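> My questions all concern the structure below.
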């Protein structure tokens with residue numbers, strides 16, 4: 001089986017918001033979704049990283065003091081490692 005991209009230009013984006021309190025709008029827009037161990041979804045937003053437990057539906061901000069920039073990508077490798085990609089932070 002093969003697949004060919006037939007469109008020109010950008011891929012249409014889908015926009016989803018997190019139902020979280022507060023005024024930080026960038027934290028509410030989901031930019032990336034990743035999955036680990038079958039029970040957790042990781043949500044990357046413009047305001048950081050969130051974990052959603054699929055069983056309890058509990059939504060928790062993860063590493064609030066450590067990850068404050070936009071999270072844009074997730075990847076899993078063959079060894080079970082989970083990678084988080086985002087904007088670099090530089091403190092001068």
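Residue numbers (the numbering used here): 1 to 92.
A virtual CB, placed ideally from N, CA and C, is assigned to each residue, including glycine.
Predicted, not measured: the structure shown is a model, and the values here were computed from it.
Quick check on this structure: which residue in 60, 53 and 54 has the alpha carbon closest to the alpha carbon of residue 28?
Position 28 of the chain shown, counted from the start, is the residue given in the question as residue 28. With distances taken between Cα atoms, residue 28 lies closest to 60.
> At the level of alpha carbons, what is the spacing between residue 24 and residue 48?
Taking the first residue of the chain shown as position 1, residue 24 is located at position 24. Taking the first residue of the chain shown as position 1, residue 48 is located at position 48. So the alpha carbons of these two residues sit roughly 11 Å apart.
> Taking all protein chains shown into account, do 16 or more other C-beta atoms lie within 10 angstroms of the C-beta of residue 7, making it buried, or fewer, making it exposed?
The count along the chain shown starts at 1 and reaches residue 7 at position 7. With a pLDDT of 49 at residue 7, under the threshold of 50, the modelled position of this residue cannot be trusted; read the value that follows with caution. Residue 7 should be labelled exposed.
> Whole angstroms is fine: what's the gap from residue 62's alpha carbon to residue 56's?
Here the question's residue 62 lines up with position 62 in the chain shown. Here the question's residue 56 lines up with position 56 in the chain shown. Those two C-alpha atoms are separated by around 16 Å.
> Kindly indicate which three-state DSSP category residue 78 falls into: helix, strand or coil?
Counting from 1 along the chain shown, the entry for residue 78 is found at position 78. The answer is coil: DSSP assigns residue 78 none of H, G, I, E or B.
> Which term fits residue 86, buried or exposed, when burial requires 16 or more other beta carbons within 10 angstroms of its beta carbon?
Here residue 86 refers to the residue found at position 86 of the chain shown. It counts as buried.
> Would residue 53 and residue 39 be called neighbours here (beta carbons separated by less than 8 Å)?
Position 53 of the chain shown, counted from the start, is the residue given in the question as residue 53. Position 39 of the chain shown, counted from the start, is the residue given in the question as residue 39. Yes, they are a contact pair.
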